[in-house]
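To keep things clear, I will list the structure first and then write my remarks on it.
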Amino acid sequence: MAVDERGMSLLEVVVALCLFAVLSLGLFSLFLSGRMASAAGSGKQEALCLARAVMEAVKASPVEWEGQVRGAGSDYIVLENKADDRDDAYKGFCLAVVEGAGQGQVRKIQSYVGSSRTAYVAPSWSSTPDTSSRYLVFRLGSELGDVEKVAVTATPSSPAGLEEVKVVVKYRTPWGEREVQLTCERWKGT
1 MAVDERGMSL LEVVVALCLF AVLSLGLFSL FLSGRMASAA GSGKQEALCL
51 ARAVMEAVKA SPVEWEGQVR GAGSDYIVLE NKADDRDDAY KGFCLAVVEG
101 AGQGQVRKIQ SYVGSSRTAY VAPSWSSTPD TSSRYLVFRL GSELGDVEKV
151 AVTATPSSPA GLEEVKVVVK YRTPWGEREV QLTCERWKGT
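Heads up, the sequence shown is in this note's numbering, so the first residue is 1 and it goes up one at a time.
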């Protein structure tokens with residue numbers, strides 16, 4: 001007796017292709033969701049590393065690098081007399097308004113005039129500091145990038161001269177904007 005071996009019928013081929021398509025779509029969607037989760041985790045990790053670096057730089061700032069604002073404009077701030085009197089002494093450093101008007105803003109110092117203790121910053125202040133504000137200059141080992149996604153604030157935490165410093169770094173994910181916050185205590189030098 002002869003065996004009829006014609007291969008797969010058309011119906012079997014269509015069913016096999018449909019199963020392959022369903023499995024492929026499922027695997028592809030898993031791949032995409034894994035990439036998005038990985039990208040979100042990467043953004044959080046970068047934000048956390050930046051927050052740690054800023055926190056360490058703030059904690060390491062000497063007393064001479066902090067004080068009460070003497071005056072300010074849209075793109076400059078006048079530091080206390082104890083600040084360095086050499087031109088461009090703080091060029092490339094970061095300046096944070098930690099208390100008062102404009103609190104939380106961090107800007108990069110573009111130039112510094114030592115005789116007037118004036119630091120010119122970029123980008124311009126979104127809320128101009130005034131004489132009620134307290135500043136802190138710090139030096140970051142790496143480039144800060146978008147300074148507007150970083151905020152540094154300080155509030156008194158004890159009568160012994162300690163203050164609570166909070167660093168907030170914002171980052172974007174596929175699901176919106178998120179933030180990382182770190183808090184520590186440091187000796188208030190002024």
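Where a beta carbon is used, it is the ideal one built from N, C-alpha and C, also for glycine.
Closest by CA to residue i, which one among the options?
{"i": "leucine 79", "options": "Ala53, Val13, Val169, Leu136", "result": "Leu136"}
{"i": "glutamate 185", "options": "Lys91, Glu177, Ala160", "result": "Ala160"}
{"i": "glutamate 141", "options": "Gly71, Gly34, Glu46, Cys94", "result": "Checking the sequence shown, residue 141 turns out to be glycine, not glutamate. Checked all of Gly71, Gly34, Glu46, Cys94; the closest Cα to glycine 141 is Cys94."}
{"i": "alanine 154", "options": "Asp146, Tyr120, Ala101", "result": "Ala101"}
{"i": "lysine 108", "options": "Gly71, Val97, Ser42, Ser115", "result": "Val97"}
{"i": "isoleucine 77", "options": "Thr118, Thr131, Glu179", "result": "Thr118"}
{"i": "arginine 52", "options": "Pro174, Arg134, Trp187, Val150", "result": "Val150"}
{"i": "threonine 131", "options": "Gln103, Asp85, Gln181, Leu30", "result": "Gln103"}
{"i": "leucine 144", "options": "Gly92, Cys18, Ser9", "result": "Gly92"}
{"i": "proline 62", "options": "Asp84, Leu50, Phe28", "result": "Asp84"}
Within 10 angstroms of its Cβ, does residue i collect 16 or more other Cβ (buried), or is it exposed?
{"i": "valine 165", "result": "buried"}
{"i": "leucine 23", "result": "exposed"}
{"i": "alanine 16", "result": "exposed"}
{"i": "alanine 60", "result": "exposed"}
{"i": "glutamate 12", "result": "exposed"}
{"i": "glutamine 45", "result": "exposed"}
{"i": "lysine 82", "result": "exposed"}
{"i": "phenylalanine 138", "result": "buried"}
{"i": "tryptophan 65", "result": "buried"}
{"i": "glutamate 163", "result": "buried"}
{"i": "glutamine 105", "result": "buried"}
{"i": "glycine 67", "result": "buried"}
Per DSSP, what kind of secondary structure is residue i in: helix, strand or coil?
{"i": "glutamate 143", "result": "coil"}
{"i": "lysine 188", "result": "coil"}
{"i": "serine 132", "result": "coil"}
{"i": "glutamine 181", "result": "strand"}
{"i": "glutamine 105", "result": "coil"}
{"i": "alanine 154", "result": "strand"}
{"i": "alanine 160", "result": "coil"}
{"i": "arginine 172", "result": "strand"}
{"i": "serine 220", "result": "Summary: the structure shown does not reach residue 220, with the chain confined to residues 1 through 190, and so no result is reported for it."}
3 or more residues per run - each beta strand (DSSP E) lying fully within the stretch 59-102: 66-68, 76-78, 94-99
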